[in-house]
Amino acid sequence: MKNILVTGGCGFIGANFIRYMLEESGFTGRIVNADKLTYAGNPENLTDIALKSSTRYIFEKADICDAKTMSAIFDTYDIDTICHFAAESHVDRSIAEPDAFMRTNIIGTFNLLELAKSRKDKLNLFHHVSTDEVYGSLGEQGFFTERTPYDPSSPYSASKASSDHIVRAYSRTYALPVTISNCSNNYGPYQFPEKLIPLVLLNALDGKSLPVYGKGENVRDWLYVKDHCIAIRTIMQNGTRGETYNVGGRCEKKNIEVVETICDVLDELVPAQASRRGLITFVKDRPGHDLRYAIDCSKLETELGWKPQESFETGIRKTILWYLKNSEWVERIRSGEYQSWILRQYA
Ligand code: NAD
Ligand code: DAU
Numbered sequence: 035m036k037n038i039l040v041t042g043g044c045g046f047i048g049a050n051f052i053r054y055m056l057e058e059s060g061f062t063g064r065i066v067n068a069d070k071l072t073y074a075g076n077p078e079n080l081t082d083i084a085l086k087s088s089t090r091y092i093f094e095k096a097d098i099c100d101a102k103t104m105s106a107i108f109d110t111y112d113i114d115t116i117c118h119f120a121a122e123s124h125v126d127r128s129i130a131e132p133d134a135f136m137r138t139n140i141i142g143t144f145n146l147l148e149l150a151k152s153r154k155d156k157l158n159l160f161h162h163v164s165t166d167e168v169y170g171s172l173g174e175q176g177f178f179t180e181r182t183p184y185d186p187s188s189p190y191s192a193s194k195a196s197s198d199h200i201v202r203a204y205s206r207t208y209a210l211p212v213t214i215s216n217c218s219n220n221y222g223p224y225q226f227p228e229k230l231i232p233l234v235l236l237n238a239l240d241g242k243s244l245p246v247y248g249k250g251e252n253v254r255d256w257l258y259v260k261d262h263c264i265a266i267r268t269i270m271q272n273g274t275r276g277e278t279y280n281v282g283g284r285c286e287k288k289n290i291e292v293v294e295t296i297c298d299v300l301d302e303l304v305p306a307q308a309s310r311r312g313l314i315t316f317v318k319d320r321p322g323h324d325l326r327y328a329i330d331c332s333k334l335e336t337e338l339g340w341k342p343q344e345s346f347e348t349g350i351r352k353t354i355l356w357y358l359k360n361s362e363w364v365e366r367i368r369s370g371e372y373q374s375w376i377l378r379q380y381a
């Protein structure tokens, strides 16, 4: 891997991945980040990286659905590896407005695969970053393995399932060198505050109500974002072409437990007059809300030697401390100021 094209690198996981690759992983090549800068993409997530690594980090504002622009980027930077994060990623938005999900997650992925196919002689790997939500919902028992049949519930997960199938088809039909990862819920620095953990954390700091869908009994398998980044790097480096790897934290929590933990850690770090648990408000459930996700990641552990380094207790504390320390980032995101900055820079 010399020149990696990362799509969606201004989002939550993509930005953490680029940081990890350039600063900690030992990778010595160059990363080109192609991002459309939707509401979820914030170049500020990588400002320091851009300043420090101007020869090894390049940003291109680009839509993965725009085949011509993506081809030009591929050729200009002599790309040999693609790591594909770009997506519409928020389930609730996909329920309200599914169009962009179909366009970016399905057509955008298809475009990139066509590009990769046309440059196959130059391509070392196409890594597709996907989700455990493609497997649908578990009951009280069991785990998702790589052989669990797909059964997506939301427009988001259906669009990601669709993209996974297309990636696999290009591997089988055109012998494209691909790997796929299906990961559980991530949390950590730079997560856009519409997802459960940053939303609750910031609302709790402001003394606002903490919306918990239904009875808060839905279970997610939480993974600290850096552990996901390490898993992706491990798969890209040592994974078998054509294979899928599940990634998870072996860390199942009911939503209510997650919210209560955030309240308790905040009460300890930033004492308030009353326990923040009092802000918890049970609200109308998400339609088609999957009950439980739990990943069996033994394939990744036994074949490639990956293991999560962070426990939920250490990871959530690090995350809370990061948001407390980065209040300016938070304010710019919440006020929408970062979007006017993007408009000025890239008009
Ligand atoms: P995010 O919403 O924070 O970031 C998505 C990024 O993609 C943004 O920077 C956005 O501007 C960019 N983007 C969107 N449409 C684009 C387009 N048409 N062209 C170019 N760029 C575009 O998402 P995230 O949470 O960082 O997720 C990244 C990937 O990981 C997604 O593919 C998601 O399905 C997958 N994933 C996420 C999680 C999670 O818990 N967040 C878990 C498993 C898998
Ligand atoms: O499992 C991986 C997926 O995790 C990724 O593919 C998605 O991109 C990512 O957004 C995430 O999806 P979820 O829907 O699980 O994440 P979210 O943070 O939106 O919700 C987590 C749980 O919390 C879910 O059961 C819904 C619930 N929830 C969410 C919000 C935003 C609430 O109870 N209240 C809320 O306000």
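Read in order, the letters of the sequence shown correspond to residues 35 to 381 in the numbering used here. C-beta: ideal position from N, C-alpha, C; glycine also.
Could you pull out every residue in the same chain whose Cβ sits closer than 6 Å to the Cβ of residue i, ignoring the five residues on either side in sequence?
i	result
Leu-236	Pro-227
Ser-243	Leu-313 and Thr-315
Gly-349	Tyr-258
Gly-45	Ala-74 and Gly-75
Lys-70	Asp-97
Thr-268	Leu-338 and Trp-340
Give the straight-line distance between the Cα atoms of residue i and residue j, rounded to the nearest whole angstrom.
i	j	result
Glu-180	Ser-193	18 Å
Pro-232	Asn-50	16 Å
Glu-337	Gly-273	8 Å
Asp-301	Leu-239	9 Å
Leu-325	Glu-347	23 Å
Glu-251	Gly-322	14 Å
Cys-344	Cys-285	The sequence shown places Glu at residue 344, not Cys. Roughly 10 Å between the two C-alpha positions.
Ser-369	Leu-355	21 Å
Lys-86	Ala-308	43 Å
Val-304	Cys-297	10 Å
Leu-230	Asp-100	32 Å
Asn-37	Gly-63	6 Å
Thr-138	His-124	13 Å
Ile-290	Lys-352	20 Å
Ser-374	Val-364	15 Å
Glu-294	Val-246	11 Å
Arg-310	Glu-362	23 Å
Asp-82	Pro-183	42 Å
Ile-129	Tyr-190	8 Å
Excluding sequence positions up to five away, which residues of its chain have a Cβ less than 7 Å from the Cβ of residue i?
i	result
Asp-185	Tyr-169 and Gly-170
His-262	Ile-47, Cys-217, Asn-220 and Val-281
Thr-278	Glu-180, Ile-214 and Asn-216
Arg-153	Phe-108
Lys-333	Glu-180, Tyr-279 and Asn-280
Quick one: is the Cβ of residue i within less than 7 Å of any heavy atom of the ligand NAD?
i	result
Cys-297	no
Lys-70	yes
Ala-74	yes
Asp-24	This structure cannot settle anything about residue 24, because the visible part of the chain is limited to 35 through 381.
Gly-370	no
Asp-27	In the structure displayed, the chain extends from 35 to 381; residue 27 sits before or after that span and is not available.
Cys-99	yes
Do residue i and the ligand COA come close, with the Cβ less than 7 Å from some heavy atom?
i	result
Ser-123	Because the ligand COA does not appear in the structure shown, any question about it cannot be addressed here, the ligands present being the ligand NAD and the ligand DAU.
Take residue i and list the residues in its own chain whose beta-carbon comes closer than 8 Å to its own, dropping the five residues that flank it on each side.
i	result
Ile-367	Asn-76, Phe-226 and Pro-227
Leu-146	Thr-41, Ile-98, Met-104, Ile-116, His-118 and Phe-160
Ile-107	Leu-39, Val-66, Ala-68, Glu-94, Ala-96 and Ile-113
Lys-341	Glu-335
His-80	Residue identity differs from the one stated: residue 80 is Leu in this sequence, not His. Closer than 8 Å at the Cβ level, and outside the excluded window around Leu-80, lie Gly-43, Cys-44, Ala-49, Ile-52, Arg-53, Asn-67, Tyr-91 and Phe-93.
Lys-151	Tyr-204, Tyr-208 and Leu-210
Asn-158	Met-35, Asp-114, Thr-115 and Pro-211
His-162	His-118, Thr-143, Ser-197, Asp-198, Val-201, Val-212, Thr-213, Ile-214 and Ser-215
Asn-360	Pro-223
Gly-173	Leu-325 and Arg-326
Val-299	Ile-350, Arg-351 and Ile-354
So is the beta-carbon of residue i under 7 Å away from any non-hydrogen atom of the ligand DAU?
i	result
Glu-33	With the chain represented from 35 up to 381, any question about residue 33 goes unanswered, as that position is not in the structure.
Arg-254	yes
Val-246	yes
Asn-280	no
Asp-166	yes
Leu-233	yes
Tyr-111	no
Asp-261	no
Asn-50	no
Asp-126	yes
If residue i and residue j are in contact, beta carbons under 8 Å, what's the gap, nearest whole angstrom?
i	j	result
Glu-148	Ala-134	Contact flag wrong, Cβ pair sits at about 20 Å.
Ile-140	Ser-197	6 Å
Gly-283	Asp-319	Contact flag wrong, Cβ pair sits at about 24 Å.
Lys-287	Val-253	7 Å
Tyr-380	Glu-78	About 13 Å; that fails the 8 Å criterion.
Is there a Cβ of chain D sitting closer than 8 Å to that of residue i, yes or no?
i	result
Val-66	Among the chains of the structure shown, chain D does not appear; only one protein chain is present.
Q | Runs of alpha helix (DSSP H) lying entirely within the stretch 108-139, each at least 4 residues, in chain order | A | 125-130
Q. What beta strand (DSSP E) runs, 3 residues minimum, are completely inside the stretch 233-268?
A. 244-247 and 253-258
**Q.** beta strand (DSSP E) runs wholly inside the stretch 281-344, at least 3 long, in chain order
**A.** List check, beta strand (DSSP E) in window: 286-288 and 314-317.
**Q.** Complete runs of the alpha helix (DSSP H) confined to the stretch 165-234 [at least 4 residues]
**A.** 189-208
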